[in-house]
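Reading through the structure tokens given below for one structure.
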Amino acid sequence: MHIATIYYFANVACCERMASWLGYNRRGELALYIYLMIINLVAFFTMWMDKQKARQHKWRIPEKRIWLLAIAGGACGATFGMYMFRHKTQHRTFVIGLPLIIAIQIAVLLYFM
Numbered sequence: 004m005h006i007a008t009i010y011y012f013a014n015v016a017c018c019e020r021m022a023s024w025l026g027y028n029r030r031g032e033l034a035l036y037i038y039l040m041i042i043n044l045v046a047f048f049t050m051w052m053d054k055q056k057a058r059q060h061k062w063r064i065p066e067k068r069i070w071l072l073a074i075a076g077g078a079c080g081a082t083f084g085m086y087m088f089r090h091k092t093q094h095r096t097f098v099i100g101l102p103l104i105i106a107i108q109i110a111v112l113l114y115f116m
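Using the numbering used here, you'd call the opening residue of the sequence shown number 4 and step up by one each time.
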């Protein structure tokens, strides 16, 4: 099975569990759930694409774009991609910053729920 397929199903299962745990049951919450799933997939594949470009010594994706995706809700996907592809794992800002963003986003979600 292709790694992207495995990640997709793991992400869907994780999001569904979080959605039920947090009590998503209204239409607006469903839209948020779908948005988070999409932004995390985009962040995950952005890390993969940047790793491929780094291997080929081609033009790279700016770190600002990865941070923007993480702040926009894709921190879980970016973190998972970082460790799965062993990309940016030597950058302390990513190793500490991405999990910190996840913690802040979870705290904000729980506060407003």
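Cβ atoms here follow ideal geometry from the backbone N, Cα and C, with glycine treated the same way.
The beta carbon of Phe-88 sits closer than 7 Å to those of Met-50, Trp-51, Lys-54, all from its chain and outside the five residues before and after it, given in chain order. If you compare the alpha carbons of Trp-62, Arg-58, Lys-56, Leu-72 with that of Met-40, the shortest gap goes to Leu-72. Sequence-distant Cβ neighbours of Gln-108 in its own chain, meaning closer than 8 Å and more than five residues away, are Gly-76, Ala-78. The Cβ atoms of Leu-33 and Gly-80 do not sit closer than 8 Å to each other.
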